[in-house]
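One structure below.
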Amino acid sequence: MEVHNVEMVMSAVQPSQYPTDGLPEIALVGRSNVGKSSLTNTLINRKAFARTSSQPGKTQTLNFYKVENQVFFVDVPGYGYAKVSKSAREKFQVMIGEYLEKRQALRGVVQLVDARHAPSREDIEMYHWLTSEEMGGLPVLVVATKADKIARGRWNKAEREIKKTLQFSDQVSDFEMFSSETKYGKEIVWEWIEARMLD
Ligand code: GTP
Ligand code: MG
1 MEVHNVEMVM SAVQPSQYPT DGLPEIALVG RSNVGKSSLT NTLINRKAFA RTSSQPGKTQ
61 TLNFYKVENQ VFFVDVPGYG YAKVSKSARE KFQVMIGEYL EKRQALRGVV QLVDARHAPS
121 REDIEMYHWL TSEEMGGLPV LVVATKADKI ARGRWNKAER EIKKTLQFSD QVSDFEMFSS
181 ETKYGKEIVW EWIEARMLD
């Protein structure tokens with residue numbers, strides 16, 4: 001999609017604050033600092049529309065970005081940030097669960113993992129939850145980001161490791177390497193999103 005118009009429409013912590021425009025929504029999930037905001041910025045051709053940060057755990061609300069008046073990207077707070085309190089973490093979990101399990105407008109989830117490392121226990125739990133029967137066949141795209149930080153010759157091995165650790169299934173999900181630095185994977189991620197918008 002050729003993007004000219006983006007609005008950061010709103011932040012929400014509960015369903016009454018979600019947008020009411022009736023547009024399809026694509027959620028971005030992944031641990032703090034994995035690159036969710038950077039992926040958003042790459043897809044919408046902006047340097048710093050979604051705030052990126054070297055300080056993990058900055059984003060604490062669901063942030064809805066309206067793109068070309070056609071779709072919302074929903075930046076979900078990163079999980080697995082040890083320094084937030086247990087009660088804050090539990091509040092996040094309720095907020096994220098309410099959104100991902102119940103939101104009618106949600107057409108797909110992009111789960112980001114770090115291309116350099118085997119997925120963490122929380123990545124694995126998230127993947128299994130997203131692809132579980134209770135999600136009712138919600139489309140999932142696993143994006144291995146920061147691919148620029150590993151040599152091209154190691155990408156296949158990295159992909160195999162990630163898929164093995166996640167017990168990845170092509171029946172219920174897709175996979176793509178990505179870099180916000182080089183923009184590698186941008187077109188394919190956009191194609192996946194556009195297909196979900198038509199589902
Ligand atoms: P939270 O909002 O805290 O959950 O983090 P986030 O997932 O939104 O991560 P963010 O996009 O803020 O990126 C975190 C850091 O990783 C920043 O310093 C980014 O510049 C860097 N980063 C993100 N994506 C890439 C990438 O593809 N390649 C490289 N080299 N760095 C990246
Ligand atoms: Mg962020």
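So the sequence shown is residues 1 to 199, counted in full-length UniProt numbering.
We put the beta carbon where it would ideally sit given N, CA and C, even for glycine.
For residue i, the three-state DSSP class (helix, strand or coil)
i, result
"residue 111", "strand"
"residue 5", "coil"
"residue 173", "strand"
"residue 130", "helix"
"residue 13", "coil"
"residue 200", "Here the chain covers residues 1 to 199 and nothing more, so residue 200 does not appear."
"residue 76", "coil"
Reference residue i, options the options, closest by Cα
i, options, result
"residue 18", "170, 1, 64, 3", "64"
"residue 194", "152, 9, 4, 24", "24"
"residue 150", "127, 104, 117", "117"
"residue 170", "185, 137, 145, 148", "137"
Residue range of the unbroken alpha helix (DSSP H) whose run includes residue i
i, result
"residue 189", "186 to 198"
"residue 39", "36 to 43"
"residue 98", "86 to 102"
"residue 203", "Since the first and last residues shown for the chain are 1 and 199, residue 203 lies out of range."
Residue i classed as buried or exposed, judged by whether at least 16 other C-beta atoms fall within 10 angstroms
i, result
"residue 106", "buried"
"residue 167", "exposed"
"residue 110", "buried"
Cα-Cα separation, residue i to residue j
i, j, result
"residue 164", "residue 130", "17 Å"
"residue 141", "residue 124", "14 Å"
Segment limits, beta strand (DSSP E) that includes residue i
i, result
"residue 145", "140 to 145"
"residue 27", "25 to 29"
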